[in-house]
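Below is one structure, written out as structure tokens; the observations come after it.
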Amino acid sequence: MGGAAAGIPFPGHHVSRPVTPPRVRLSTGVTIDLDSGDRVVFDGTAPGDVRVLSHAHADHRVGRAAGPVVCSPLTAALVEARQQTAIEVADTPASVELLNAGHVAGSRAALVTDPDTGRRYCYTGDVCPRDRFYLEGFDPPDADVLIVESTYGTPDYRLPPTDEVVAEIHQWLADTRDRIAVMHGYSLGRAQKLQAIATSPECDRSRVFVTDTVAAVNSVVESHLDVTFDVERLDDESDPGPGDALVAPAGAARGTPVSNLLDRDDVVTAGFSGWAVDRSFRYRRGYDAGFPLSDHADFDELVEIVRAVDPDRVYTHHGFAEAFARHLTMEHGVETRALRRDQATLADF
Numbered sequence: 000m001g002g003a004a005a006g007i008p009f010p011g012h013h014v015s016r017p018v019t020p021p022r023v024r025l026s027t028g029v030t031i032d033l034d035s036g037d038r039v040v041f042d043g044t045a046p047g048d049v050r051v052l053s054h055a056h057a058d059h060r061v062g063r064a065a066g067p068v069v070c071s072p073l074t075a076a077l078v079e080a081r082q083q084t085a086i087e088v089a090d091t092p093a094s095v096e097l098l099n100a101g102h103v104a105g106s107r108a109a110l111v112t113d114p115d116t117g118r119r120y121c122y123t124g125d126v127c128p129r130d131r132f133y134l135e136g137f138d139p140p141d142a143d144v145l146i147v148e149s150t151y152g153t154p155d156y157r158l159p160p161t162d163e164v165v166a167e168i169h170q171w172l173a174d175t176r177d178r179i180a181v182m183h184g185y186s187l188g189r190a191q192k193l194q195a196i197a198t199s200p201e202c203d204r205s206r207v208f209v210t211d212t213v214a215a216v217n218s219v220v221e222s223h224l225d226v227t228f229d230v231e232r233l234d235d236e237s238d239p240g241p242g243d244a245l246v247a248p249a250g251a252a253r254g255t256p257v258s259n260l261l262d263r264d265d266v267v268t269a270g271f272s273g274w275a276v277d278r279s280f281r282y283r284r285g286y287d288a289g290f291p292l293s294d295h296a297d298f299d300e301l302v303e304i305v306r307a308v309d310p311d312r313v314y315t316h317h318g319f320a321e322a323f324a325r326h327l328t329m330e331h332g333v334e335t336r337a338l339r340r341d342q343a344t345l346a347d348f
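Oh and the sequence shown: position 326 is 325 in numbering that gives the first Met the number 0, straight run, nothing missing.
Structure representation (structure tokens):
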């Protein structure tokens with residue numbers, strides 16, 4: 000990993016076969032027009048012959064009206080639980096292979112093979128190569144074209160090892176044992192890791208509470224994976240005290256049990272995100288502490304994913320797409336373009 004990020008061209012980088020340039024664009028989702036004539040749509044509402052949903056976060060919508068989607072059973076169940084709408088799950092066609100993306104429970108990358116040319120496209124969706132808690136990290140496949148997220152696509156976002164971050168969180172929870180610890184994390188993904196941390200013996204917390212939205216996600220994850228969350232649901236009858244902890248999404252509405260708890264003087268708060276490598280994170284968000292616990296690949300891991308896939312061409316999207324594309328092109332000699340909405344050809348880059 001270190002060698003790839005240092006600006007050394009990737010060894011053994013192969014030369015493209017003489018086929019039509021890939022037609023990849025960003026519209027309402029990422030689309031690929033295959034030489035076979037089929038259109039594959041990822042994480043969007045655009046019409047297509049094959050539609051793939053990588054995971055159940057709300058910013059990756061597919062829309063029911065556009066037809067059935069290819070996704071994991073866990074992702075389909077999470078979408079139904081979180082958005083109160085069922086999606087029709089399509090059979091996975093022979094041209095598509097779903098791969099564990101390592102981002103959140105149920106998340107999948109996709110490897111698409113064009114039946115006419117044999118060209119292989121890897122779409123990562125949101126991705127993380129680190130094994131952590133109950134999740135296995137992404138194992139990059141060989142592909143001709145890589146479409147990769149670039150949330151942390153600059154060298155400023157190099158994350159410390161997960162074990163180190165977890166140890167720091169354990170210490171913070173132990174040091175604040177005389178207060179109620181409110182731990183803010185997205186209801187799908189971060190919240191489940193925070194529960195695993197807060198209920199561990201090292202933290203010695205009396206009870207761990209969760210909000211209704213987190214509890215709903217827990218129930219689906221527990222029904223699909225070999226994991227159990229030993230927590231209590233926070234409601235109007237709950238009476239958390241010093242030594243307890245609460246795992247909750249940020250931004251509680253006024254008058255809710257979470258909002259009422261945050262108004263108390265015996266509460267300490269923390270936020271958890273890869274953005275917390277920037278020390279201003281906790282001040283901007285108004286937290287007492289911040290920890291760089293992330294479900295995304297950091298900069299070095301993104302570079303290593305590109306090296307492992309060894310593609311002829313890379314498309315970047317989300318986050319620092321332009322900066323990461325420049326880095327791959329200039330430092331590693333990989334032809335890379337940042338996707339911009341509604342571009343249709345390479346001339347539009």
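Ideal placement from N, C-alpha and C gives every residue a C-beta, glycine not left out.
Proximity below 8 Å, CB of residue i to CB of residue j
i: Cys127; j: Asp234; result: no
i: Pro241; j: Ile168; result: no
i: Ala324; j: Thr335; result: yes
i: Ile146; j: Thr123; result: yes
i: Arg372; j: Gly66; result: There is no way to answer for residue 372, as the model of the chain reaches only from 0 to 348.
Where residue i sits in the DSSP three-state scheme
i: Val78; result: helix
i: His102; result: coil
i: Ile146; result: strand
i: Met329; result: helix
i: Tyr120; result: strand
i: Val14; result: Because Val14 carries a pLDDT of 43, less than 50, the predicted location of this residue cannot be relied on, and the following value inherits that uncertainty. Coil at Val14, not helix or strand.
i: Thr315; result: strand
i: Ile304; result: helix
i: Tyr151; result: coil
i: Val49; result: strand
i: Thr19; result: coil
Span of the beta strand (DSSP E), counted from its first residue to its last, around residue i
i: Phe41; result: Arg38 to Phe41
i: Val266; result: Val266 to Phe271
i: His183; result: Ile179 to His183
i: Leu110; result: Arg107 to Thr112
i: Ala244; result: Ala244 to Ala247
Extent of the continuous alpha helix (DSSP H) to which residue i belongs
i: Leu261; result: Pro256 to Leu261
i: Ala337; result: Careful: Ala337 lies outside any alpha helix (DSSP H), inside the beta strand (DSSP E) at Glu334 to Ala337.
i: Ser237; result: Where Ser237 is concerned, there is no enclosing alpha helix (DSSP H), given that its DSSP letter is neither H nor E.
i: Ser222; result: Asp211 to His223
i: Arg283; result: Phe280 to Arg284
i: Asp162; result: Thr161 to Asp174
i: Arg204; result: From DSSP, Arg204 is part of no alpha helix (DSSP H); its letter is neither H nor E.
Anticipated Cβ contact below 8 Å, residue i with residue j, distance rounded
i: Val246; j: Gln194; result: 5 Å
i: Pro139; j: Ala307; result: 4 Å
i: Ser71; j: Arg107; result: 5 Å
i: Ala89; j: Val69; result: 5 Å
Counted within 10 angstroms of its Cβ, other Cβ atoms place residue i as buried (16 or more) or exposed
i: Met0; result: Reliability fails at Met0, whose pLDDT of 41 lies under 50, so the model's placement of it is uncertain and no value is given.
i: Ser279; result: exposed
i: Asn259; result: exposed
i: Thr344; result: Any answer about Thr344 is weak, because its pLDDT of 34 lies below 50 and its placement is not dependable; what the coordinates show is given next. Exposed, since its Cβ has fewer than 16 Cβ neighbours within 10 Å.
i: Ala53; result: Inspection of the sequence shows that residue 53 is occupied by Ser rather than by Ala. Per the 10 Å Cβ criterion, buried.
i: Gly332; result: exposed
i: Pro310; result: buried
i: Gly184; result: buried
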